[in-house]
Amino acid sequence: MATPTITSLGIGTGIDANSIVEKLMTLERVPLNILNQREVSYNAKISAFGSLKTRFDAIKTAADNMADPAKLAAFTPTVGDSDVLSASAGSLAGPGSYSVQVLQLAQAQKSFSNLYGTSDTFAAGTLTFTIDGTNHDIVFGGGSLADVRSAINAADIGVTATTVTGDSGTRLVYTAKETGTDAAFSLSVTGGDANLLSLATFDGAHPNALAASNASVKVEGETITSQSNTITGAIPDVTITAKSVGTTTLDIARSSTSAVDTVKAFVTAFNSAVTELRTVSAYNTTTKVGGTLNGDATVRTLQGLLRDTGNTTPAGIAGSTYETLSSLGIRFQQDGTLLLDETTLNSAIDTDFTAVTNTLTAFGSAFSDLGDQATRFDGLLTNRTDGLSATVSRIADQRIKMESRLELTEKRLRAQFTALDTLVGRLNTTSSFLTQQLASLSALSNG
Numbered sequence: 001m002a003t004p005t006i007t008s009l010g011i012g013t014g015i016d017a018n019s020i021v022e023k024l025m026t027l028e029r030v031p032l033n034i035l036n037q038r039e040v041s042y043n044a045k046i047s048a049f050g051s052l053k054t055r056f057d058a059i060k061t062a063a064d065n066m067a068d069p070a071k072l073a074a075f076t077p078t079v080g081d082s083d084v085l086s087a088s089a090g091s092l093a094g095p096g097s098y099s100v101q102v103l104q105l106a107q108a109q110k111s112f113s114n115l116y117g118t119s120d121t122f123a124a125g126t127l128t129f130t131i132d133g134t135n136h137d138i139v140f141g142g143g144s145l146a147d148v149r150s151a152i153n154a155a156d157i158g159v160t161a162t163t164v165t166g167d168s169g170t171r172l173v174y175t176a177k178e179t180g181t182d183a184a185f186s187l188s189v190t191g192g193d194a195n196l197l198s199l200a201t202f203d204g205a206h207p208n209a210l211a212a213s214n215a216s217v218k219v220e221g222e223t224i225t226s227q228s229n230t231i232t233g234a235i236p237d238v239t240i241t242a243k244s245v246g247t248t249t250l251d252i253a254r255s256s257t258s259a260v261d262t263v264k265a266f267v268t269a270f271n272s273a274v275t276e277l278r279t280v281s282a283y284n285t286t287t288k289v290g291g292t293l294n295g296d297a298t299v300r301t302l303q304g305l306l307r308d309t310g311n312t313t314p315a316g317i318a319g320s321t322y323e324t325l326s327s328l329g330i331r332f333q334q335d336g337t338l339l340l341d342e343t344t345l346n347s348a349i350d351t352d353f354t355a356v357t358n359t360l361t362a363f364g365s366a367f368s369d370l371g372d373q374a375t376r377f378d379g380l381l382t383n384r385t386d387g388l389s390a391t392v393s394r395i396a397d398q399r400i401k402m403e404s405r406l407e408l409t410e411k412r413l414r415a416q417f418t419a420l421d422t423l424v425g426r427l428n429t430t431s432s433f434l435t436q437q438l439a440s441l442s443a444l445s446n447g
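Residue numbers (our numbering): 1 to 447.
Right, dumping it as structure tokens:
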């Protein structure tokens, strides 16, 4: 806290003491100003290292994707008649063409009660739904048809109930929550009255009633039955969703775009890190000003690691068809960034996809390790940032001590000048008194 300026300081001496104190304090504050400048510099470095960590996190993410064969070996299904079925393929699928015939769709059971009037009531009793051999009892306390509906839905037993009201009355509509015969249900009633007991009798003649059924599909003449319209296992890592009865073709082909897109994402992340490293460590020969991390050893280490990892053949692929990134069209430029030649990469994929996958996954693992080395809790960037943060904390402690000392110094200087001012004022008063006395003596002697 600054000491208040004493505006009368210097009256006794005629000296501009306030100005002198301020200039002395300016000199005293030089170490504090230097300390503040150091803090600004360290905070700028912390921010720069934080930006680098973001870049290396992105490298690790992209490298992890490149190290995952599933991200490289995607397959694309093509269906001849999309009205009959749809399909999806995973990384373990294989290329091939198939004839698929949907014989029957899976459907959920839907049953209808008899018609009831709006004033009909139902006595207390127990409704028992049997689903796949298991009984589910619902204790009903009595009430209207709407109350029956609510009791069934509250039980959450695999059957839902709704009411539909027409000119002739109201019905309960029972619907299985799942498709397939395993979800089929029957209903029995104990207790209650005639109305409650009649709920167990479904209207089999209702035009919208549906019997539970399983999906039936033929793939290359082999029949597959499924409780749902989603069929798995017929073709390795391929999921077929039946949509309507009919016959169509299903072609599974490897998608080269998946591998190329994965590599492109890695190249983008790599180049972003290289560019950031170059920016923060640059030196402008014209302005003679260096970047925030110019000359920093950690930056040089990271630049070297990126270059060395990209130029070193990982263990396990030495001597293989594609043992370098450049053999796949991923080449270093003079500025340290990577340039992807998609034509070369696609040609390699078409020639030997397995070898390409082995090389990309090996380099992906290597760069993932590099990213981890840079960003983990005890990594290069974290350690450097922690060290700078500790220094900033020490600077904050030093500032408190220096500001306290400066406050005391200013108080001391002002006290000293005040004392000097008082002393000179007294001397001036004494001098005036003596001068007056001498003048009086001189006048007496002359008289």
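Backbone N, C-alpha and C fix where the C-beta goes; we use that ideal spot for every residue, glycine too.
* Assign Asp296 to one of three DSSP states: helix, strand, or coil. => By 1-based counting over the sequence shown, the position of residue 296 is 296. Three-state DSSP puts Asp296 in coil, outside helix and strand.
* Asked: Is it right to say Thr130 is buried, meaning 16 or more other beta carbons lie within 10 angstroms of its own, or is it exposed?
  -> Counting from one through the sequence shown, the residue named residue 130 turns up at place 130. Exposed, because fewer than 16 other Cβ atoms sit within 10 Å of the Cβ of Thr130.
* Could you name the residues of the same chain whose beta carbon sits closer than 8 angstroms to that of Thr343, not counting the 5 residues immediately before and after it, in chain order? => Translated into the one-based positions of the sequence shown, residue 343 becomes position 343. If we look at Thr343 and ignore the five residues flanking it on each side, its Cβ neighbours are Gly329.
* Asked: How should Ser168 be labelled, buried or exposed, when 16 other C-beta atoms within 10 angstroms of its C-beta is the threshold for buried?
  -> As a first step, residue 168 is located in the sequence shown; it is residue number 168 there, counting from the start. It counts as exposed.
* Asked: For the beta strand (DSSP E) that Glu222 lies in, which residues bound it at each end?
  -> Mapped onto the sequence shown, residue 222 falls at position 222. From DSSP, the beta strand (DSSP E) with Glu222 extends over Glu222 to Ser226.
* To do: Rounded to whole angstroms, what's the CA-CA distance from Thr391 to Tyr322? Just pull it up for me.
  => Locating residue 391 in the sequence shown gives position 391, counting from the first residue. Locating residue 322 in the sequence shown gives position 322, counting from the first residue. Rounded to whole angstroms, Thr391 to Tyr322 spans 48 angstroms at the Cα level.
* With DSSP run on the structure shown, which of helix, strand or coil describes Thr430? -> As a working note, residue 430 is residue 430 in the sequence shown. Correct three-state label for Thr430: helix.
* Cβ of Ser168 less than 8 angstroms from any chain D Cβ? -> Going by chain labels, chain D is absent from the structure shown, which holds only one protein chain.
* For the beta strand (DSSP E) that Phe140 lies in, which residues bound it at each end? -> Translated into the one-based positions of the sequence shown, residue 140 becomes position 140. Its beta strand (DSSP E) spans residues Thr134 to Phe140.
* **Residue from Asp147, Gly125, Thr179 and Asn383 with nearest C-alpha to Arg171** => Counted from its first residue, the sequence shown places residue 171 at position 171. If we check each option's Cα against that of Arg171, Asp147 comes out closest.
* Asked: Cβ atoms of Ile252 and Gly80: under 8 angstroms apart, would you say?
  -> In the sequence shown, counting from the first residue as 1, residue 80 sits at position 80. In the sequence shown, counting from the first residue as 1, residue 252 sits at position 252. Contact flag unset, no.
* To do: Give the secondary structure of Ala205 by DSSP, where H, G and I count as helix, E and B as strand, and everything else as coil.
  => Reading the sequence shown from its first residue, position 205 is the one you call residue 205. Coil, per DSSP.
* Would you kindly check if the distance between the Cβ of Lys60 and the Cβ of Gly371 is under 8 angstroms? => By 1-based counting over the sequence shown, the position of residue 371 is 371. By 1-based counting over the sequence shown, the position of residue 60 is 60. The answer is yes: Cβ separation under 8 angstroms.
* Going straight from the alpha carbon of Lys53 to that of Pro77, what length do you get? -> Here the question's residue 53 lines up with position 53 in the sequence shown. Here the question's residue 77 lines up with position 77 in the sequence shown. Here the alpha carbons of Pro77 and Lys53 stand approximately 39 angstroms from one another.
* Since Tyr42 is in the alpha helix (DSSP H), which residue starts that stretch and which ends it? -> Within the sequence shown, numbered from 1, the residue matching residue 42 stands at position 42. Looking at the DSSP string, the run of the alpha helix (DSSP H) that includes Tyr42 is Val30 to Met66.
* Leaving out the 5 sequence neighbours to the left and right, which residues in its chain are closer than 6 angstroms to Ala265 when beta-carbon positions are compared? -> Stepping through the sequence shown from its first residue, residue 265 is reached at position 265. Here the set comprises Ala62.
* Asked: Which class does Leu250 belong to by DSSP, given the choice of helix, strand or coil?
  -> Looking up residue 250 in the sequence shown gives position 250. In this structure, Leu250 counts as strand in the three-state DSSP scheme.
* To do: May I ask you to list the residues that DSSP assigns as paired with Pro95?
  => Position 95 of the sequence shown, counting from 1, holds the residue named residue 95. Pro95 pairs with nothing; no bridge assigned.
* With DSSP run on the structure shown, which of helix, strand or coil describes Ile152? -> Position 152 of the sequence shown, counting from 1, holds the residue named residue 152. In the displayed model, Ile152 falls within a helix according to three-state DSSP.
* **Cα-Cα separation, Thr249 to Lys243** => On the sequence shown, position 249 is the one that residue 249 refers to. On the sequence shown, position 243 is the one that residue 243 refers to. Near 14 angstroms, if we compare the C-alpha coordinates of Lys243 and Thr249.
* Across which residues does DSSP place Pro288 in a beta bridge pair? -> Residue 288 sits at position 288 when you count from the first residue of the sequence shown. Inspection of the sequence shows that residue 288 is occupied by Lys rather than by Pro. None, per the DSSP bridge assignment.
* Check whether the Cβ atoms of Gly221 and Val84 sit closer than 8 angstroms, and answer yes or no. => Against the sequence shown, residue 221 aligns to sequence position 221. Against the sequence shown, residue 84 aligns to sequence position 84. Taking C-beta atoms as the reference points, Gly221 and Val84 fail to come closer than 8 angstroms.
* **Thr118 - DSSP class collapsed to helix/strand/coil** => Locating residue 118 in the sequence shown gives position 118, counting from the first residue. Coil at Thr118, not helix or strand.
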